[in-house]
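Residue numbers (my numbering), protein chains in the order written: chain A, 21 to 230; chain B, 21 to 230.
Let me begin by presenting the structure, written as C-alpha cells, before commenting on it.
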DNA sequence: TCCCGTGGCAAACAGTTGTTTACTGAATCC
DNA sequence: GGATTCAGTAAACAACTGTTTGCCACGGGA
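Listed below in C-alpha cells is the structure:
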C-alpha cells in the first residue's frame, strides 16, 4: 500500500508521515468524546503505540496538532461545498441537493464535523482562529457563486456577503444537527433545513424588489 | 448585605449558598479561557480559597457544576428573550431593537454567553443536553409568539416551529459573533445581523403567499 | 562502504490531578 | 443547654500529566 508515497518521498519521510497521520487519526478519534483542551499528549501517543517524546517530532503542542486537524477537517468540507456550488440548476432543486450533500458528508466524516463544531468556539485560541479563517474563506467562495447568479443583479457586494454568511452559518448548524440525530430523526432535520433554506431563498428573491 | 437570604434561610444555608455561588463564579471566570472538560475541581476551589474536598458538599462532579451554570447562563438570556417578544411593534422596528438587545446582553454577560457558545457542542454530554433542552424551550416560546402574529395566519405549526428555530439559531450565532468582536467591529456585526433578519422576515411575508 | 541525519525510545523529572479519610467547630433543634 | 447536624479542613493516596535527557538503529547521500 501507499506505493506512490514510497516512490516520491522515500521510506524515511513516508514513515514519518505515516505516524504523523496516525497521531492525527488517534486524536480525532479521542476528540469524539472530549474537547481539545482536555486532550493529553500522552493519551494520543498511547493509542498510537508510540513513546510520548515521539510526539514532539511532529508537533510542538496539542494546539498545533489541532490546527492540522482543522485543515484536514475543513478540507473535505471544502470539496463538498465546491461540488454543490458548481452545479447550476433550478433554485428549488439545488436546495434539496445541498441538504442531501450535507447529510452525506456528516454520515461519511462524523468525527471531522464534530471536531469543527466543538472547537469552533472551543478553548484553544489558535484552533478557533484557524476555523474562523477557513469558514470566512468558504463565505467568500459562496458569495462569489451567489453574485454570479441572475437573482443577485443589483445587489451590493455587502448584501451578497451577508447572504453568504447566512448560508455558511446555516450549513454548520445543519451539519451539527445531523450529528446528534438518531437515524429516524434525520428525515425531520433534513426537512426543516430544506424549508429554512426555501424561506431564505424566498426572501432573497424579494430583496429590495419591492 | 443579603439580609433577605439571612432572614428566610438562616445563617447556615445562607453561608452554604454563598460558597456555592463563589464556586460557580470562579468556574465561570476560569471558563473564559478554557473549556469545561479541562477545568479541574482543584483549580476552582483554589480560586475560591476553599479546600478541594469542600467542592463535594455542593457538586458531585464538574459536570454537575456545569449544568448549574447552564441554568444560570440561560436564565438571564431567557429574561431578555421574553422582554423582546413582549413588545408588539412594527416588524421593521422590532428587528433593530432585538439586535440591540442581543448586543447589550453580550456586553453585560460576556462570560455567560461564551460559556453557552463553547459548551453547546462541548465535551461534556450532560451539559450539552442541558443547553439543548433549554434552547428548545426558547424555540417553543418564540414559536408561540410568532404564531400569535397576523403574518402567521395559515401557517402550519411545523412551519412556525422551523422559523422559530431559524431565529434561535441566528440569535446564538449573532451573540457569539459579538463576543469575539472588537468594539469597532460591533457596528458591522449588528448591521449584518439586522439585514439577515430583514431578509428572513421578507421570506416570511411571502411564504406560500405565491 | 562509511558516515551523517533523524525518527523513535526509555527513563527520570517535578507538578498536578480526583478522591477518601477522620477531624473540628459552629449553627440548629428540642 | 445539651445533643446533633453538617460545611469546611488537613493530610495522604495512587495515578496521571508535559517536558527533558541521552541513546540507539537505520535510511540515504557521499
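The beta carbon of each residue, even a glycine, is placed where N, CA and C say it ideally should be.
Do the stretch 80 to 89 of chain A and the stretch 142 to 153 of chain A meet, that is, are 3 or more Cβ pairs less than 8 angstroms apart?
yes
Sequence ranges, alpha helix (DSSP H) only - wholly within the stretch 90 to 141 of chain A, length at least 4:
111 to 128 and 130 to 139
Closer than 8 angstroms, CB to CB, is residue 115 (chain B) near chain A or not?
no
Taking DSSP as the reference, what is the three-state secondary structure of residue 226 (chain B)?
coil
Can you give me the Cβ contacts of residue 122 (chain B) inside the same chain, cut-off strictly under 6 angstroms, excluding the 5 residues immediately before and after it?
194 and 195
Taking just the CA atoms, how far does residue 114 (chain A) sit from residue 173 (chain B)?
28 angstroms
What does residue 54 (chain A) touch in chain B if you count any residue whose Cβ is under 7 angstroms from its own?
57 and 143
Expected contact under 8 angstroms - CB spacing of residue 53 (chain A) and residue 143 (chain B) to nearest Å:
7 angstroms
So with Cβ pairs under 8 angstroms, would you call residue 223 (chain B) a contact of chain A?
yes
Proximity of residue 50 (chain B) and residue 67 (chain B) at Cβ, strictly below 8 angstroms:
yes
Can at least three beta-carbon pairs, one atom from the stretch 70 to 82 of chain B and one from the stretch 30 to 50 of chain B, be found at a separation below 8 angstroms?
yes
My assumption, with CB atoms under 8 angstroms, is that residue 79 (chain B) sits in contact with residue 126 (chain B). Please give the rounded CB distance.
The pair is not a contact, with the Cβ atoms about 27 angstroms apart (cut-off 8 angstroms).
So, is residue 216 (chain A) buried or exposed, given that buried needs 16 or more other C-beta atoms within 10 angstroms?
buried
Around the C-beta of residue 284 (chain B), are 16 or more other C-beta atoms found within 10 angstroms, so that it is buried, or is it exposed?
A query on residue 284 (chain B) cannot be resolved here, the shown segment of chain B reaching from 21 to 230 and no further.
Apart from the five residues on each side of it in sequence, which residues of its chain come closer than 6 angstroms, Cβ to Cβ, to residue 181 (chain B)?
163
C-beta neighbour in chain B for residue 31 (chain A), strict 8 angstroms:
no
Is it the case that the Cβ atoms of residue 225 (chain A) and residue 219 (chain B) are separated by a distance below 8 angstroms?
no
Find the residues of chain A that neighbour residue 216 (chain B), judging by a C-beta separation of less than 7 angstroms, and give them in chain order.
182 and 186
According to the neighbour-count rule (16 or more other Cβ atoms, all chains shown, within 10 Å of its Cβ), is residue 30 (chain A) buried or exposed?
exposed
Residue-chain proximity (residue 196 (chain B), chain A), Cβ-Cβ < 8 angstroms
yes
Residue 212 (chain A) to residue 99 (chain B) span [Cα, whole Å]:
27 angstroms
Count the other C-beta atoms from every protein chain shown that fall within 10 angstroms of the C-beta of residue 202 (chain A), then say buried if there are 16 or more, exposed otherwise.
exposed
Using the beta-carbon of each residue, which ones in chain B are nearer than 7 angstroms to residue 193 (chain A)?
189
Have a look at residue 23 (chain A) and residue 39 (chain A) and give me their C-alpha separation to the nearest angstrom.
Below a pLDDT of 50, predicted positions are generally treated as unreliable, and residue 23 (chain A), at 41, falls in that range; no measurement from the model is reported.
Same chain only: Cβ atoms within 7 angstroms of residue 184 (chain B), ignoring 5 sequence neighbours per side
159, 162, 163 and 166
Mind pulling the chain A residues with CB within less than 9 angstroms of residue 74 (chain B)?
The premise fails here: residue 74 (chain B) is roughly 23 angstroms from chain A at the closest Cβ pair, so nothing lies under 9 angstroms.
Quick one: using the 10 Å Cβ neighbour count with 16 as the cut-off for buried, is residue 62 (chain B) buried or exposed?
exposed
Using the beta-carbon of each residue, which ones in chain B are nearer than 9 angstroms to residue 137 (chain A)?
140 and 141
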